[in-house]
Each structure stands twice: as structure tokens, then as C-alpha cells.
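Student:
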Amino acid sequence: MPLSPASRNNRFVEEVLPHGTAAYNLARWLSRNEADARDIVQESFARALQYFEGYRGGDARSWLLRIVRNTASTWLSARPPVAHADLDGETALLEPAPGSGTRRDVDPLRAVISQDEARALRQAIAQLPAEYREVLVLREFEDLSYRQIATIVGCPIGTVMSRLARARDELGAVMRAEALSS
Amino acid sequence: MNHEEAQALLEAYHDEQLDIADTVRIEAHQAGCESCRVWLSDRQTLRARLQAASLRYRIPADLDAAIRAQTVSAQTVPARAATAQGAPPRHWMLELDWSRALAASLLVGLAGLWAGHLLTVRGSAGDEWVGAYVRSNLSSRPLDVLSSDHHTVKPWLSARLPYSPPVPEMAGPDDELLGARVDYIERTAVAALVYRHGKHQVDVFVWPAGQPPDSATAAAPIAGFRMASSRVQGFNAVFVSDVSAPEMAGFREHWSALAAAR
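Residue numbers (our numbering), protein chains in the order written: chain A, 9 to 190; chain B, -19 to 242.
1) In terms of residue numbering, what span does the beta strand (DSSP E) encompassing Val170(B) cover?
2) What does the Cβ neighbour count give for Ala196(B), buried or exposed, with the cut at 16 atoms within 10 Å?
3) With 7 Å as the threshold, decide whether the Cβ of Tyr63(A) is near any Cβ in chain B.
4) Does chain A have any CB closer than 7 Å to the CB of Ala259(B)?
5) Pick out whichever of Gly204(B), Leu141(B), Ser116(B), Pro193(B) has its Cα sitting closest to the Cα of Val174(B).
6) Determine the burial state of Arg184(A): buried for a count of at least 16 other Cβ atoms within 10 Å of its Cβ, exposed for fewer.
7) Kindly list the residues whose CB is nearer than 8 Å to the CB of Leu(-2)(B), restricted to its own chain and excluding five residues on each side of it in sequence; keep chain order.
8) Buried or exposed: Leu57(A), going by 16 or more other Cβ atoms within 10 Å of its Cβ?
9) Is the CB-CB distance between Glu139(A) and Arg176(A) below 7 Å?
10) Note the first and the last residue of the continuous alpha helix (DSSP H) segment covering Arg87(A).
11) Name the two residues that bound the continuous beta strand (DSSP E) containing Gly159(B).
12) For Asp272(B), which residues in chain A fall below 7 Å Cβ to Cβ?
13) Hey, is Tyr140(A)'s beta-carbon within less than 7 Å of any beta-carbon in chain B?
14) Measure from the C-beta of Leu137(B) to each C-beta in chain C and report whether the shortest distance is under 7 Å.
15) Since Glu(-9)(B) meets chain A, which of its residues come closer than 9 Å, beta carbon to beta carbon?
16) Against chain A, does Asp22(B) count as a neighbour if the rule is that its beta carbon must be under 7 Å from one of theirs?
17) Give a yes or no on whether the minimum CB-CB distance between Tyr37(B) and chain A is below 7 Å.
18) List the residues of chain A whose Cβ lies closer than 9 Å to the Cβ of Asp(-5)(B), in chain order.
19) Grouping DSSP H, G and I as helix and E and B as strand, with all else coil, what is Gln181(B)?
20) Apart from the five residues just before and just after Met228(B), which ones in its own chain have a Cβ nearer than 6 Å to its Cβ?
21) Residues bridged to Ala208(B) by DSSP?
22) Whose Cβ in chain B lies nearer than 7 Å to the Cβ of Asn33(A)?
23) Since Phe60(A) is in the alpha helix (DSSP H), which residue starts that stretch and which ends it?
24) Step through the CB atoms of chain B and report whether any lies within less than 7 Å of the CB of Gly86(A).
25) Just to confirm my understanding: we take Asp183(B), look at its own chain, exclude 5 residues before and 5 after, and list those with CB closer than 6 Å. What are they?
26) Does Arg38(B) come out as helix, strand or coil in the three-state DSSP assignment?
27) Got a sec: is the Cβ-Cβ distance from Thr291(B) to anything in chain A below 7 Å?
28) Using beta-carbon positions only, say whether Gly66(A) and Leu26(B) come within less than 7 Å of one another.
29) Let's see if you can read the secondary structure: which residues bound the alpha helix (DSSP H) around Gln(-13)(B)?
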């Protein structure tokens, strides 16, 4: 029996709405600007509510992120690319990623970084090709598994790994260059 | 495991995506392989840097609120229309674009006090305003911008709305501007200025006259909350608070005079 709209929406509020930041973070990194990210997220939630009938429980965040990812690619292909991404905007809205500081082998002294280095990293990620950028964001900021990322992005697990490797190689190069210049 | 095999698995090892057998084999290999250890240590450094840089964007509070309102209104907007036409409130018609109309006897929000309140106070003119006022008082963050300076509040609102509302400061012993937020009323983003009046909070919703939402308010208090409205310099203003009627009238006069004088 289908759920009544009221209880469906209540379930949606409980299971899907808590992932607003995950959705916004992905949309923000894919669009590289605040205005598009807001529109993409709002549209994604409207679609998610529409498709919620087909959601069979389980990993609500991945389910939502897949919708965000598809909405973003439709949205971004329909409009011209932004002339310059507002990379330095919204710093007040940035938050520590889940699990930061708790990962193994992280030296707390080295975990303090300068504004310049943070900005260089942010720019380097923004300049990655979209297919590298999305896997990096999902892995590093959402802490998703290769399998979850593969489902969201719609590619084999091996591809997730090779794209992550390329993304990290590029960021590693940026970081070394930053270390040399400072 | 030879070095080539190990290299193919190092990325997944770094991400803790390997099964236990491969994990053990990689650890055995890297214990004796300097280049694999250096590679892994670089990856760990990069991860620590990314974490330390705090690059995850948090959803803006007003967007989060708009999405919540959008979700709740998907089930309650038709209910309001039915109520307005005089249909018995116990038989709301719920029209949703993905399903048939259903009759529901109860709309009890499991979505917490917030949604629950929004659902139960609907039904007559002014409910949305009272709902927004109560919601802001229940919320742990009633204000998105916390400032008694209109030079801070006004640009903050202008950046988020397609207009720039009047923001009288009302500095005085009894009245004080506390800040503002963007509220979502009848699917429209509206500026909500928040003042302290004595020991009460007064919310003033401001938007251009002639545009939605409907500025109709109830003369009688709703759930103990009193409303008033005014029109100043091309803007509608709706006041909501738990003050007495004379206090509300006085606040409304004072605010409108200051807004008109800017």
C-alpha cells in the first residue's frame, strides 16, 4: 500500500532533509558558485520528493546525492559556464569535514594550515575537471566508499579509484608548489 | 605481492577500501618498500591538509528553511485552499502531482515541533505570519544576521532578496533592532526584521506592496499572537508579537514613522 502523502513527507523530512549540507556541498563544488548551487539544491529536493515513492530505504544520502549530481549536470549543461567562479566567497559557511582530526596518522601540528594554502587548495580543486572533482569531493568531504561513489556517479568502482588518483596527484603537485613558494 | 601489484592497490588501501586479505598483503609489502611508504605518506599529508582547510560548504540557513517549507507545503497547500472554501477541516483534499487525491483525517507532523506547529496553526488569514514567528522562536537560530546596525542588516537582506526593505533601527530603552532573517511565506522569500520591544520579540515582515504574499492579518490574536499591518514607502509590513493591543499599535506607529522618515 502506498504511504499517505502526510506520512511520506514526514519520512522525507526525517531521512532526506538532514542531508542538506551534503547536497549543497556537492552542488556548490560542481557549479563553483553560490547562486547555481542554491538553485540546483532546491530543484534536487523537489525532484527527490517526487521520486521518494521509488526510494526503498537504505542509504538516503547517496540516493539524494545521485539526484543532486544529475540535476547539476542538466543544469550546468543548459547554461554558459560562469566567467569566474567565486572561490573566495562564503568562507563563513565552510565547515570542518566529518571525521576531520580523527583519521589515523594525522599529525595535529600539520593539520593547521595557512589561509593561503587553504585558498590554493580550494582553487586547485575548483580547476580540476568535473569528473575528478566530484569523486574527490564525495570521498574527502563526504567520506563515501568507492562503491557509494560509483553508484552516485554511475561508473565502475575502478574508475572511481583512477579518477581519485588523478585528482590527488594534481592537488599534491599544487601543495608542493605552495610549500616551495612560502 | 610484487611492487606493481602493490601500486595498483595503494590508492584503495589509502582509502581503506580493500578487503582484509589485500590489506594484509599491502602492509607486508610496504614494510619493506621505501617508495610505497613515501607515496602513502604524501597521500596522508594531502588528506590532512584537505581536512584542515575545511573546504566543505554548509547549506545556508535560509535555503534549508526554504526546502523544509517546500516539503511541508507539498502536502498542506491544497489543504488550505479547501479550508478557505469552507470545506470541513477534517476532510482536507490532498492533491499531489505524483499521486491521487487522498482524504486524511489528521496531519500530525512527525517532523518535530517546527513542522507540527506549521501544520496545526493553518486555516485563516495571518496564520503563516504567526507560524513564522513561532518557528523563529523555537529555532535555535532565530536570526540569520545578528546586528543592531541597519548598515549591516540592510545589505545582508538586499543580497538575498530582489529588493531592499526599510530597516529602521529603533534604538531606545524599550525598542531595539536585534537582527533579521529571510523567511519563506506562501512560497515567497520575505525579509523578517526582528526587534526587542520591552521583554517581547516583535517580528516585522517587509516586502514590496502589490506582490505576494497576501498581507491580510487577523484582527483577533491567533494562539495568543497579535498582528498588525502597515504600508510605508511602497512596502507592506506585517507585525507579529505577543504584546498587548495598545503596545502593538504603538510599536506599529513608531516603526512606520521611522521607516517613512528615512
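C-beta atoms are modelled at their ideal positions from N, C-alpha and C, and glycine is treated no differently.
Being a predicted model, the structure only gives us computed values, none of them experimental.
Tutor: Based on what the coordinates show:
1) If you number the second sequence from 1, residue 170(B) lands on position 190. Taken as a continuous stretch (DSSP letters only), the beta strand (DSSP E) holding Val170(B) covers 168 to 177.
2) As a position in the second sequence, residue 196(B) is number 216, starting the count at 1. Its Cβ having fewer than 16 others within 10 Å, Ala196(B) is exposed.
3) Taking the first sequence and counting its residues from 1, one reaches residue 63(A) at position 55. So, not an interface residue.
4) Because chain B spans -19 through 242 in this model, residue 259(B) falls outside it and cannot be assessed.
5) Here residue 174(B) corresponds to residue number 194 of the second sequence, with the count starting at 1. Comparing Cα positions, the closest option is Ser116(B).
6) The residue given as residue 184(A) occupies position 176 in the first sequence. Burial is judged here by how many other beta carbons sit within 10 angstroms of a residue's own beta carbon; Arg184(A) has fewer than 16 and is exposed.
7) Within the second sequence, residue -2(B) is the residue found at index 18, counting from 1. Cβ neighbours of Leu(-2)(B) within its own chain (closer than 8 Å, five residues either side excluded): Leu(-11), Ala(-8), Ile6.
8) Working through the first sequence from its first residue, we reach residue 57(A) at position 49. Buried, since its Cβ has 16 or more Cβ neighbours within 10 Å.
9) Start at 1 with the first residue of the first sequence, and residue 139(A) comes out as number 131. Start at 1 with the first residue of the first sequence, and residue 176(A) comes out as number 168. When the beta-carbon positions are compared, Glu139(A) and Arg176(A) stay at least 7 Å from each other.
10) Here residue 87(A) refers to the residue found at position 79 of the first sequence. Element bounds for Arg87(A): n/a, residue is neither H nor E.
11) One-based indexing of the second sequence puts residue 159(B) at position 179. For Gly159(B), the enclosing beta strand (DSSP E) stretches over residues 155 to 165.
12) Since the first residue of chain B shown is -19 and the last is 242, residue 272(B) is not available in this structure.
13) For this step, residue 140(A) is matched to residue 132 along the first sequence. With its beta carbon at least 7 Å from every one in chain B, Tyr140(A) lies outside the interface.
14) Of the chains in the structure shown, none is chain C; the protein chains are A and B.
15) For the purposes of this step, residue -9(B) is taken as the residue at position 11 of the second sequence. Within chain A, the C-beta atoms nearer than 9 Å to that of Glu(-9)(B) come from Met169, Ser170, Leu172, Ala173, Arg176, in chain order.
16) Locating residue 22(B) in the second sequence gives position 42, counting from the first residue. By this cut-off, Asp22(B) is an interface position.
17) Counted from its first residue, the second sequence places residue 37(B) at position 57. Interface criterion met: the Cβ of Tyr37(B) is under 7 Å from a Cβ in chain A.
18) Numbered from its first residue, the second sequence carries residue -5(B) at position 15. Neighbours of Asp(-5)(B) on chain A, chain order: Arg147, Ser153, Tyr154, Met169, Leu172.
19) Here residue 181(B) refers to the residue found at position 201 when the second sequence is read from its first residue. For Gln181(B), the secondary structure class from DSSP, reduced to helix, strand or coil, is strand.
20) For this step, residue 228(B) is matched to residue 248 along the second sequence. The answer, listed in chain order, is Arg206, Ala208.
21) Counting from 1 along the second sequence, the entry for residue 208(B) is found at position 228. Residue pairing for Ala208(B): DSSP places it in a beta bridge opposite Phe219(B).
22) Position 25 of the first sequence, counting from 1, holds the residue named residue 33(A). For Asn33(A), the residues of chain B that pass the 7 Å Cβ criterion are Arg36, Tyr37, in the order they occur in the chain.
23) For this step, residue 60(A) is matched to residue 52 along the first sequence. First-last for Phe60(A): undefined, no H or E at that position.
24) By one-based count along the first sequence, residue 86(A) stands at place 78. According to the sequence displayed, residue 86(A) carries Ala and not Gly. No - not a single Cβ of chain B is within 7 Å of the one on Ala86(A).
25) As a working mapping, residue 183(B) is identified with position 203 in the second sequence. The answer, listed in chain order, is Tyr113, Ala172, Val174, Val220.
26) Numbered from its first residue, the second sequence carries residue 38(B) at position 58. Residue state, collapsed to three classes: coil.
27) A query on residue 291(B) cannot be resolved here, the shown segment of chain B reaching from -19 to 242 and no further.
28) Taking the first residue of the first sequence as position 1, residue 66(A) is located at position 58. Taking the first residue of the second sequence as position 1, residue 26(B) is located at position 46. Judged by beta-carbon spacing, Leu26(B) lies beyond the 7 Å limit of Gly66(A), meaning their Cβ atoms are not closer than that value.
29) To locate residue -13(B), count along the second sequence from 1; it is residue 7. -17 to -6 is the extent of the alpha helix (DSSP H) around Gln(-13)(B).
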